[in-house]
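Numbering (the working numbering), first residue to last: -5 to 314. Heads up, the beta-carbon is just placed ideally off N, CA and C, and yes, glycines get one too. Right, one structure below, let's go through it.
See the structure below:
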């Protein structure tokens, strides 16, 4: 029986939602070049983003840091926001929840009020010009400790913005590293914020379970570590906790050995709520359209299944 695949044009035209995408990892070369020109920096070449993935996570973070070095002023962040909105609109992604790491930018010496103002102005204009909606989730590094979480909540108090709908925990999944974040996450929910957390990207089911028990997030970023744990899979299904899946990211960062080893098809068939995302699309040379095409070509998702997955995604959103 011939496999039924979905045409690329259908994927492009389909309305989409994205929940797991880092603004700093989404910067196109044209945006980097504008920032570089503004400050007299060397222009990034076409090889700025590696084409063949990363030998280790440290290599990935080095490129990520090179991106951050270009963004220092209000004007830079205006371009970041505006160009991001344009890029999402070009893929018919009508609603996005994007991660931003404000504490990292402040630690790098940026004037946080200035850069947040520039970003907001760029996003407002981008939403108006391109007809998309973008919300922000402030991401916190586990390795920075609970102080970083409290500082991030303070930013939300000091620079109120209805666009900021939640906080997220990211970074290396060291055992018990999430315990200090229990109270800040509870406080965030009391403030009316949603909470999400990266878990099970490079760790196993125990880390996902501990994250659910302690942080009580509304969504889990990645979660592939729970693939062999049937009780945990049942819990995800019964509690309707979505997994933000990013296929290219998981392969290029070696969270899975290859696409064929990714559990997305198994998760979907077992009834886990799955949304498809790009994570850091510029660094992984992908797009959400590309990721949906992978579902069709490599995982035999039928057009009906793809439309169902995309159609369910808005239910996982935090729309104030």
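### Task
Can you give me the Cβ contacts of residue 314 inside the same chain, cut-off strictly under 7 Å, excluding the 5 residues immediately before and after it?
Because residue 314 sits at a pLDDT of 46, beneath the cut-off of 50, its placement in the model cannot be relied upon, and the following sentence gives the value as read from the coordinates. So the qualifying residues of the chain are 156, 159.
### Task
State the start and end residues of the unbroken beta strand (DSSP E) segment that holds residue 268.
In the DSSP assignment, residue 268 falls within the unbroken beta strand (DSSP E) covering 268 to 270.
### Message
Pull the bridge partners of residue 243 from the DSSP assignment, please.
### Response
Per DSSP, residue 243 has no beta-bridge partner at all.
### Task
Return the chain-ordered ranges of every beta strand (DSSP E) run that is complete within the region 42 to 105 and spans a minimum of 3 residues.
If we require 3 residues or more, the beta strand (DSSP E) runs fully inside the region 42 to 105 come out as 87 to 94.
### Query
Hey, out of 85, 281, 289, 267, whose CA is closest to residue 311's CA?
It is 267.
#### Entry: Contact under 7 Å by Cβ, residue 77 with residue 25
Cβ atoms of residue 77 and residue 25: closer than 7 Å.
#### Entry: Integer-rounded CB distance, given that residue 282 should sit under 8 Å from residue 270
The Cβ separation is near 7 Å, so the contact holds.
### Message
On the CB-based measure, 16 or more other CB atoms within 10 Å of its CB, does residue 260 come out buried or exposed?
### Response
Burial call: exposed.
### Message
Is the beta carbon of residue 34 closer than 7 Å to that of residue 274?
### Response
No; because the gap between Cβ atoms is not below 7 Å, this pair is not in contact.
### Task
Return helix, strand or coil for residue 314, following the three-state DSSP convention.
Summary for residue 314: the model assigns pLDDT 46, below 50, so the residue's position carries little reliability; its value from the coordinates is reported in the next sentence. In this structure, residue 314 counts as coil in the three-state DSSP scheme.
### Through-space distance from residue 169 to residue 213, alpha-carbon basis
Their backbone Cα atoms lie some 20 Å apart in a straight line.
#### Entry: Alpha-carbon spacing of residue 111 relative to residue 187, whole angstroms
It is roughly 21 Å from the alpha-carbon of residue 111 to the alpha-carbon of residue 187.
### Message
Mapping the DSSP letters down to three states, classify residue 171 as helix, strand or coil.
### Response
Correct three-state label for residue 171: coil.
### Strand pairing of residue 160, partner residues [DSSP]
According to DSSP, residue 160 bridges with 131, 188.
### contact_flag[the region 173 to 186, the region 206 to 223] where n(CB pairs < 8 Å) is 3 or more
Contact between the region 173 to 186 and the region 206 to 223 is present: three or more C-beta pairs spanning the two stretches fall below 8 Å.
### Query
Leaving out five residues before and five after residue 65 in sequence, what residues of the same chain have Cβ atoms less than 7 Å from its Cβ?
A distance below 7 Å between beta-carbons, with the five flanking residues on each side excluded, links residue 65 to the following residues of its chain, in chain order: 29, 71, 74.
### Query
CB-CB under 6 Å to residue 6, same chain, minus the five flanking residues each way: which ones, in chain order?
Around residue 6: 283.
### Query
Count the other CB atoms within 10 Å of the CB of residue 101; is the residue buried (16 or more) or exposed (fewer)?
By the 10 Å Cβ count, residue 101 comes out exposed.
### Message
For residue 51 and residue 277, which I take to be in contact (beta-carbon distance under 8 Å), what is that distance rounded to the nearest angstrom?
### Response
In fact, because the Cβ distance is near 12 Å, the residues do not count as touching under 8 Å.
### Task
Would you kindly report the start and end of the unbroken beta strand (DSSP E) that includes residue 11?
Its beta strand (DSSP E) spans residues 10 to 16.
### Task
Report the rounded CA-to-CA distance for residue 264 versus residue 47, giving the unit in angstroms.
Distance between the alpha carbons of residue 264 and residue 47 is about 30 Å.
### Query
Does the Cβ of residue 173 have 16 or more other Cβ atoms within 10 Å, making it buried, or fewer, making it exposed?
By the C-beta density criterion, residue 173 is exposed, having fewer than 16 other C-beta atoms within 10 angstroms.
### Residue range of the unbroken alpha helix (DSSP H) whose run includes residue 216
Unbroken run through residue 216 is the beta strand (DSSP E), 213 to 216; no alpha helix (DSSP H).
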